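Asks: Below you will find the structure I want to go over with you.
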Amino acid sequence: MKILLCLTIFICSGHGEIEGMKKACREKQQPANDPGCMYYCDDTYETYGTYPDMTGCDYTGTRDGKCKDGLCYPGPKSKAPVGEP
């Protein structure tokens, strides 16, 4: 579910809000077990929030990325996945 949400955010990032959802949660600190940059406010999946910019996230699966505006970007220690230039 998190992957689907992140993909949706990536596709819609140039359009502001995600269709059918609203960014309405208070900013909160990322729990240790959450490698993403976004979270749902409640169980309805209609409102979401983002963790603070520069919070660690899983860019290649090793928590090597940094959050910015709800998306995970490569961090200073990120490497290209094996088999890619």
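The sequence shown maps to residues -16 to -1, 1 to 69 in mature numbering (1 follows the signal peptide of the UniProt record, and there is no 0). Even for Gly, the Cβ is constructed at its ideal location relative to N, Cα and C. In this text the structure is predicted, and so the values were computed from the model without any measurement.
Exposed or buried, which one is tyrosine 35 when buried takes at least 16 other CB atoms within 10 Å?
Replies: Counting Cβ neighbours within 10 Å, tyrosine 35 comes out buried, since at least 16 surround it.
Asks: Can you tell me whether methionine 38 is buried or exposed? The criterion is at least 16 other CB atoms within 10 Å of its CB, across all chains shown.
Replies: Classification of methionine 38: exposed, given that the 10 Å Cβ count is below 16.
Asks: Give me, in chain order, the residues of the same chain whose beta-carbon lies closer than 8 Å to that of arginine 47; leave out the 5 immediate sequence neighbours on both sides.
Replies: Here the set comprises Pro19, Gly40 and Cys41.
Asks: When you compare only the Cα positions, how much space is there between lysine 63 and tyrosine 57?
Replies: The straight-line gap from Cα to Cα measures roughly 12 Å.
Asks: Tell me cysteine 51's beta-bridge partners as DSSP assigns them.
Replies: According to DSSP, which records beta bridges pairwise, cysteine 51 is partnered with Cys56.
Asks: Just reading off the beta strand (DSSP E) that glycine 33 is part of, what are its end residues?
Replies: Counting along the chain, the beta strand (DSSP E) containing glycine 33 begins and ends at 31 to 34.
Asks: Do you know whose CA, among Thr44, Leu55, Glu3 and Gly54, lies nearest lysine 61's CA?
Replies: If we check each option's Cα against that of lysine 61, Thr44 comes out closest.
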